[in-house]
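Mind the numbering: the sequence shown is residues -22 to -1, 1 to 100 in mature numbering (1 follows the signal peptide of the UniProt record, and there is no 0), read in order. We put the beta carbon where it would ideally sit given N, CA and C, even for glycine. One structure is given below, encoded as structure tokens.
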Amino acid sequence: MKRTAFAIVLALSVIVSGFAQAQVFPPGGVNNQPVIPFPVAPPPPPPPIVVPTVPQMNSPPPFALQNTTPGYVTQDTPPKRVLKRERRPSFSDRVARCLDDGAAWGLNPNQRAAYSRQCANQ
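This is the structure:
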């Protein structure tokens, strides 16, 4: 029993000593110096950031926009007017108007209901 335990301990010490040597000695031997890398050039500077100027409300207009010949006034034609259609009244407004029209014409309630349905959906 003692011999087998001694053989197991000896085998484990040989295996562990191989791992321990790999940790102690650097690759290439004991006298191997580490390689120093060449210095690299610094990165190029970033591009400059140009902030646009914000026009001030109280500043005069640029010279290109000023009228340099005050006696000469250009007559520009105004833009063509765009006529917008009037908004259509809401459905409830149309129904109320149709009911009022039907009552003004003297229609009975059943006729007013039929007339207002047909009139409001036009």
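A direct Cα-to-Cα measurement between P23 and P15 gives close to 23 Å. Around the Cβ of R59, a 10 Å sphere holds fewer than 16 other Cβ atoms; the residue is exposed. Shown here for V29: not one same chain residue has a beta carbon closer than 8 Å to its own, the five before and five after excluded.
Judged by their CB atoms, A98 and R72 are nearer to each other than the 7 Å cut-off. In the three-state DSSP reduction, T31 falls in the coil class, being neither helix nor strand. Residues of the same chain with a CB within less than 7 Å of the CB of L77, apart from the 5 flanking positions on each side, are R90 and S94 in chain order.
Bounds of the alpha helix (DSSP H) holding R72 are F69 to A82. When secondary structure is reduced to three states using DSSP, A19 falls in the coil class, being assigned neither helix nor strand.
In this structure, DSSP gives P87 a helical state, which the three-state scheme calls helix. Exclusion of the five residues before and after R65 leaves no residue of its chain whose Cβ lies closer than 8 Å to its Cβ.
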